[in-house]
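Remarks on the structure that follows.
Numbering (this note's numbering), first residue to last: 22 to 368.
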């Protein structure tokens with residue numbers, strides 16, 4: 022696709038390997054207690070639930086990574102990503118100017134399906150709004166030769182991907198060869214250049230310990246990752262709040278030591294709006310509200326959008342019923358929803 026516009030992106034820099042960043046001693050019990058405490062603070066209802074559901078939608082990488090993916094189902098995925106709701110659905114309760122902003126952050130597909138996604142999103146005129154992410158480097162196992170993995174990155178970018186979700190070499194993590202892992206991820210950062218953001222999948226369910234999760238996160242960030250991501254979604258254990266908290270600790274310490282900002286992407290197991298709100302609460306209370314935007318936080322999910330749609334449709338229906346009962350132009354709940362949703366647009 023040589024006619025494609027090549028746009029340079031702002032990406033994180035590769036920093037020198039520094040073993041002092043890997044020093045850590047994590048108390049699993051303490052991490053689990055903190056994660057549980059935070060997750061219990063995330064109960065929202067009514068208009069707030071609609072607003073949080075829409076925010077989760079705007080932070081989602083809508084994903085299909087199946088062996089039977091075809092051009093047709095990738096096109097359907099892209100249509101849902103670009104237009105999750107019919108425009109008239111929001112007419113009564115939302116500012117019409119907000120409607121074009123309600124779409125997912127990205128679609129995520131295999132490299133072989135990137136061109137299909139590019140053509141579909143181009144047709145919907147959303148290339149500047151919905152990113153195209155590709156899983157690469159021998160997803161999900163990473164058990165391929167290094168040159169093959171690097172070529173896969175280049176292939177995906179040439180087809181139109183602007184984000185690359187790589188898998189780390191878990192063997193190197195499990196034997197503690199962190200410098201070798203750093204060197205591999207540096208080459209992957211280099212293969213992405215400024216043409217694509219680099220999201221590094223730690224595959225936390227296969228790293229053995231929380232210390233290894235922290236160290237793998239640090240190594241990827243030193244190598245120039247723009248995001249660290251929990252899982253491929255194919256492991257036995259995927260995104261959990263305690264693991265997310267350990268990765269957040271690594272992000273905080275890395276920012277303190279280097280002034281470089283790295284995003285977080287939980288993937289695998291985030292299936293409901295309740296799950297999403299728990300994660301957003303965790304991020305809000307640790308990294309802050311500024312992290313709850315697509316440049317810094319994403320969900321990797323295939324089924325989450327179904328539950329978001331259910332929550333939003335049921336919530337709007339309830340608002341309509343309340344308005345009919347009160348016989349007023351706009352209920353307080355509806356006004357709250359509109360105000361909150363306007364906040365979603367602020368950078």
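C-beta: ideal position from N, C-alpha, C; glycine also.
For residue j and residue i, the rounded distance between their alpha carbons
| i | j | result |
| --- | --- | --- |
| residue 45 | residue 142 | 43 Å |
| residue 51 | residue 231 | 12 Å |
| residue 47 | residue 287 | 20 Å |
| residue 236 | residue 110 | 46 Å |
| residue 125 | residue 315 | 9 Å |
| residue 193 | residue 240 | 11 Å |
| residue 229 | residue 264 | 12 Å |
| residue 345 | residue 64 | 26 Å |
| residue 270 | residue 342 | 44 Å |
| residue 32 | residue 178 | 15 Å |
| residue 415 | residue 208 | Beyond the ends of the chain as shown, which are 22 and 368, falls residue 415; an answer cannot be given. |
| residue 339 | residue 215 | 46 Å |
| residue 35 | residue 247 | 10 Å |
Burial state of residue i, where buried means 16 or more other Cβ atoms lie within 10 Å
| i | result |
| --- | --- |
| residue 5 | Absent from the model: residue 5. The displayed extent of the chain is 22 to 368, so no value can be given. |
| residue 323 | buried |
| residue 158 | buried |
| residue 37 | exposed |
| residue 23 | Reliability fails at residue 23, whose pLDDT of 42 lies under 50, so the model's placement of it is uncertain and no value is given. |
| residue 195 | exposed |
| residue 327 | exposed |
| residue 251 | buried |
| residue 189 | buried |
| residue 87 | exposed |
Identified DSSP bridge partners for residue i
| i | result |
| --- | --- |
| residue 248 | 220, 284 |
| residue 452 | Because the chain is modelled from 22 through 368, residue 452 falls outside the range shown and cannot be assessed. |
| residue 153 | 128 |
is_contact[residue i, chain D] using C-beta, thresh 9 Å
| i | result |
| --- | --- |
| residue 236 | Here there is only one protein chain, and chain D is not present. |
For residue i, three-class secondary structure by DSSP
| i | result |
| --- | --- |
| residue 184 | strand |
| residue 196 | coil |
| residue 94 | helix |
| residue 232 | helix |
| residue 137 | helix |
| residue 64 | coil |
| residue 256 | coil |
| residue 45 | coil |
| residue 305 | helix |
| residue 240 | helix |
| residue 23 | Bear in mind that the predicted position of residue 23 carries a pLDDT of just 42, short of 50, making it unreliable; the figure below should be weighed with that in mind. Coil. |
| residue 105 | coil |
| residue 346 | helix |
| residue 178 | helix |
| task | Taking 8 Å as the threshold, find out whether the segment 119-136 comes into contact with the segment 146-160 through three or more Cβ pairs. | result | yes
| Three or more beta-carbon pairs under 8 Å between the segment 54-73 and the segment 81-95, yes or no? | no
| said: With a threshold of 8 Å, are at least 3 pairs of Cβ atoms found where one atom belongs to the segment 196-216 and the other to the segment 283-299? | reply: no
| field | Touching by the beta-carbon criterion (3+ pairs, under 8 Å), the segment 275-284 and the segment 71-81 | value | no
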